[in-house]
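Reviewing the structure listed below.
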Amino acid sequence: MLELPIQRSRPDPELAAALSLSAVTRDPFSFRVEPSRDGTAELRGVTRDVVGAFEEIFGATLDTFGSDPLSRVLSPGRSDVAETHFEIDVDPPGSVVELLGILLPGLLRRDYPTELVLTGCTHVSGAYLPEQVEPALVPLVEAMGGGLDIELDAYGFRPRGPGQLRATVTPIQGRVQPLDLRDRGYVRHVELSVLLAHLPQHVGLREIDAFADNMTADVSLGATLTELHDAASQGNVMLIEVEGSECPEVLTVMGEEGVPAEEIGRRGLSEFASYLAGRGQVRDTTRWALALAVMAGEGRIWSSQLGEFSKAICKFAPELADTHVVIEGEDTETVKLQVTR
Numbered sequence: 004m005l006e007l008p009i010q011r012s013r014p015d016p017e018l019a020a021a022l023s024l025s026a027v028t029r030d031p032f033s034f035r036v037e038p039s040r041d042g043t044a045e046l047r048g049v050t051r052d053v054v055g056a057f058e059e060i061f062g063a064t065l066d067t068f069g070s071d072p073l074s075r076v077l078s079p080g081r082s083d084v085a086e087t088h089f090e091i092d093v094d095p096p097g098s099v100v101e102l103l104g105i106l107l108p109g110l111l112r113r114d115y116p117t118e119l120v121l122t123g124c125t126h127v128s129g130a131y132l133p134e135q136v137e138p139a140l141v142p143l144v145e146a147m148g149g150g151l152d153i154e155l156d157a158y159g160f161r162p163r164g165p166g167q168l169r170a171t172v173t174p175i176q177g178r179v180q181p182l183d184l185r186d187r188g189y190v191r192h193v194e195l196s197v198l199l200a201h202l203p204q205h206v207g208l209r210e211i212d213a214f215a216d217n218m219t220a221d222v223s224l225g226a227t228l229t230e231l232h233d234a235a236s237q238g239n240v241m242l243i244e245v246e247g248s249e250c251p252e253v254l255t256v257m258g259e260e261g262v263p264a265e266e267i268g269r270r271g272l273s274e275f276a277s278y279l280a281g282r283g284q285v286r287d288t289t290r291w292a293l294a295l296a297v298m299a300g301e302g303r304i305w306s307s308q309l310g311e312f313s314k315a316i317c318k319f320a321p322e323l324a325d326t327h328v329v330i331e332g333e334d335t336e337t338v339k340l341q342v343t344r
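Below you can see the structure in the form of structure tokens.
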């Protein structure tokens with residue numbers, strides 16, 4: 004049985020990867036719990052919420068494992084619970100979109116469609132954002148034979164939140180179709196969007212100018228500024244939608260307190276330049292695309308980025324999913340991944 008290291012109040016990429024695969028295969032795995040100051044060993048924070056969602060949706064049980072009082076074994080139910088509607092809260096600074104990504108492979112193999120209402124931070128730096136799901140992730144799910152619809156009810160920027168995301172996942176019936184995401188081809192257009200919540204308009208305009216004035220790539224550029232008057236908390240995000248491949252990519256840069264708007268614009272341009280430097284069709288979506296390919300047992304993905312979650316998927320795939328991921332060019336600008344059973 005797979006054994007993970009100690010888990011703290013925020014789930015590490017290895018726990019997230021193990022949950023994603025275990026939800027499909029229903030294989031158990033174990034991990035250790037960080038003891039609290041009073042000596043008790045209970046899950047806390049975002050880790051508690053993520054594991055709790057896993058228990059509720061997939062009928063999993065969390066039990067003490069062996070003689071170590073800090074060890075736990077998480078065992079998914081052998082059959083699905085009959086409920087189809089779930090309301091889940093995620094403590095800040097946890098991302099509701101990241102939780103959706105962790106659960107998605109298992110939801111696509113459930114016996115029933117699933118409706119989720121996820122409350123917490125919708126926009127977290129370094130996490131997948133709602134604006135990336137529709138253009139980049141939904142087509143992947145549909146190509147595999149499933150369905151994914153999302154609706155952002157309320158914006159909630161880290162650290163305060165609280166936002167709300169609704170998602171409906173239609174399971175795949177029959178054989179899962181493999182993913183083939185390789186050379187993205189020619190990039191034709193970039194659509195730049197800046198979202199502002201309770202910040203002066205000039206902040207977004209300066210971010211757009213810093214991006215546009217320094218862009219040298221031979222592609223067309225569009226730009227829009229949207230003010231989010233109904234957002235629950237203050238925040239700012241730059242979205243860079245790259246058009247021209249079968250799998251459109253949305254790159255993101257979150258604004259930060261104390262960081263000038265011009266620097267945010269330059270960071271966005273740096274993200275775009277890094278994407279262009281590689282030949283891969285996916286970047287930020289790699290971690291989810293790879294988990295879906297492992298679920299199918301077959302797939303080819305070229306990526307310009309391989310994060311810690313993706314590395315954990317590759318590491319655990321043989322034990323939890325009886326599949327193998329061959330990696331070529333891990334230290335180059337284009338990482339080539341091939342999934343086989």
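Under the numbering used here, the first residue of the sequence shown is numbered 4, with each subsequent residue one higher. Even for Gly, the Cβ is constructed at its ideal location relative to N, Cα and C.
Nearest neighbour of L242, chosen from E137, E59 and G188 [CA to CA]: Taking the sequence shown and counting its residues from 1, one reaches residue 242 at position 239. Residue E137 is the option with its Cα nearest to L242.
C-alpha distance - Y158 paired with H126, whole-angstrom precision: One-based indexing of the sequence shown puts residue 158 at position 155. One-based indexing of the sequence shown puts residue 126 at position 123. Spanning the two alpha carbons is a distance of roughly 7 angstroms.
Residues bridged to E244 [DSSP beta-bridge criterion]: Position 241 of the sequence shown holds residue 244. BP columns for E244 point to E194 and V253.
As assigned by DSSP and simplified to three states, the class of E58: For this step, residue 58 is matched to residue 55 along the sequence shown. Helix, per DSSP.
Distance, T122 Cα to T1 Cα: Any property of residue 1 remains undetermined from this structure, which presents the chain solely from 4 to 344.
Bridge partner(s) assigned by DSSP for T2: Outside the displayed span of the chain (4 to 344) sits residue 2, for which this structure offers no information.
Through-space distance from R344 to R163, alpha-carbon basis: In the sequence shown, counting from the first residue as 1, residue 163 sits at position 160. In the sequence shown, counting from the first residue as 1, residue 344 sits at position 341. If I take the Cα positions, the gap works out to 43 angstroms.
Span separating the alpha-carbon of D15 from that of C317: Numbered from 1 along the sequence shown, position 12 holds the residue referred to as residue 15. Numbered from 1 along the sequence shown, position 314 holds the residue referred to as residue 317. Approximately 15 angstroms between the Cα atoms of the pair.
Distance, L155 Cα to V197 Cα: On the sequence shown, position 194 is the one that residue 197 refers to. On the sequence shown, position 152 is the one that residue 155 refers to. For V197 and L155, the distance between alpha carbons rounds to 17 angstroms.
Whole-number beta carbon distance between G302 and P108, since they are thought to touch under 8 angstroms: On the sequence shown, residue 108 is found 105 positions in, with the first residue counted as 1. On the sequence shown, residue 302 is found 299 positions in, with the first residue counted as 1. No, P108 and G302 are not in contact; Cβ-Cβ is about 12 angstroms, not under 8 angstroms.
Rounded C-alpha distance that separates G62 from A130: One-based indexing of the sequence shown puts residue 62 at position 59. One-based indexing of the sequence shown puts residue 130 at position 127. Going from the Cα of G62 to the Cα of A130 covers about 27 angstroms.
Which of helix, strand or coil DSSP assigns to G150: Counted from its first residue, the sequence shown places residue 150 at position 147. Of the three classes helix, strand and coil, the one that applies to G150 here is strand, per DSSP.
Straight-line Cα distance separating V27 from L323: Your numbering for residue 323 matches position 320 in the sequence shown. Your numbering for residue 27 matches position 24 in the sequence shown. Rounded to whole angstroms, L323 to V27 spans 9 angstroms at the Cα level.
For T50, three-class secondary structure by DSSP: In the sequence shown, the residue the question calls residue 50 occupies position 47. Reduced to three states, the DSSP call for T50 is helix.
Presumed contact (8 angstroms Cβ cut-off) between T117 and G150, rounded CB distance: Here residue 117 is taken as the residue at index 114 of the sequence shown, counted from 1. Here residue 150 is taken as the residue at index 147 of the sequence shown, counted from 1. Not confirmed; about 11 angstroms, so no contact.
CA nearest to the CA of M195, picked from L254, E230, A21 and A234: As a first step, residue 195 must be located in the sequence shown, where it is residue number 192. Here the sequence assigns Leu to residue 195, which means Met is not the residue at that position. The shortest C-alpha separation from L195 is found at L254.
Whole-number beta carbon distance between V120 and V93, since they are thought to touch under 8 angstroms: Mapped onto the sequence shown, residue 93 falls at position 90. Mapped onto the sequence shown, residue 120 falls at position 117. Contact doesn't hold; Cβ gap of about 11 angstroms is too wide.
Distance CB(I211)-CB(G268) smaller than 9 angstroms: By one-based count along the sequence shown, residue 211 stands at place 208. By one-based count along the sequence shown, residue 268 stands at place 265. For I211 and G268, yes; Cβs fall inside 9 angstroms.
Nearest-angstrom Cβ-Cβ length linking V84 and L111, presumed shorter than 8 angstroms: Along the sequence shown, read from residue 1 onward, the residue named residue 84 stands at position 81. Along the sequence shown, read from residue 1 onward, the residue named residue 111 stands at position 108. That pair is no contact at about 16 angstroms.
Inter-residue Cα distance where the pair is K339 and Y278: As a first step, residue 339 must be located in the sequence shown, where it is residue number 336. As a first step, residue 278 must be located in the sequence shown, where it is residue number 275. Cα to Cα, K339 sits roughly 15 angstroms from Y278.
Burial state of S236 (16 or more Cβ within 10 Å): For the purposes of this step, residue 236 is identified with residue 233 of the sequence shown, where counting begins at 1. Buried: at least 16 other Cβ atoms inside 10 Å.
Whole-angstrom distance between E134 and S82, CA atom to CA atom: Here the question's residue 82 lines up with position 79 in the sequence shown. Here the question's residue 134 lines up with position 131 in the sequence shown. Taking the straight line joining both Cα atoms gives about 33 angstroms.
Within the stretch 86-132, ranges of the alpha helix (DSSP H) (whole runs, at least 4 residues): 99-110
Exposed unless 16 or more other CB atoms sit within 10 angstroms - verdict on D114: Taking the sequence shown and counting its residues from 1, one reaches residue 114 at position 111. Exposed, since its Cβ has fewer than 16 Cβ neighbours within 10 Å.
Assigned secondary structure, I370 (DSSP; H/G/I helix, E/B strand, else coil): Because the chain spans 4 through 344 in this model, residue 370 falls outside it and cannot be assessed.
Local conformation of Q10 per DSSP, three classes: Numbered from its first residue, the sequence shown carries residue 10 at position 7. Reduced to three states, the DSSP call for Q10 is strand.
Residues sharing a beta bridge with I330, DSSP: Walking along the sequence shown from the start, residue 330 turns up at place 327. L340, per the DSSP bridge assignment.
Proximity below 9 angstroms, CB of A139 to CB of F89: Here residue 139 is taken as the residue at index 136 of the sequence shown, counted from 1. Here residue 89 is taken as the residue at index 86 of the sequence shown, counted from 1. Result no, Cβ atoms of A139 and F89 do not sit closer than 9 angstroms.
Inter-residue spacing [alpha-carbon to alpha-carbon] between I330 and I105: Your numbering for residue 330 matches position 327 in the sequence shown. Your numbering for residue 105 matches position 102 in the sequence shown. In a straight line, the C-alpha of I330 is about 22 angstroms away from that of I105.
Local Cβ density within 10 Å of G177, reported as buried at 16 or more and exposed below that: One-based indexing of the sequence shown puts residue 177 at position 174. Label assigned to G177: exposed.
Where the alpha helix (DSSP H) containing Q204 begins and where it ends: The residue labelled residue 204 in the question sits at position 201 within the sequence shown. Taken as a continuous stretch (DSSP letters only), the alpha helix (DSSP H) holding Q204 covers Q204 to N217.
Own chain, CB closer than 7 angstroms to D65, minus 5 neighbours either side, in chain order: By one-based count along the sequence shown, residue 65 stands at place 62. One point to set straight first is that residue 65 is Leu, not Asp, in the sequence displayed. Taken in chain order, the residues that qualify are V54, E58, R75 and L77.
V179 (DSSP reduced to helix, strand or coil): What you label residue 179 is simply residue 176 of the sequence shown in a count that begins at 1. V179 falls in the coil class under three-state DSSP.
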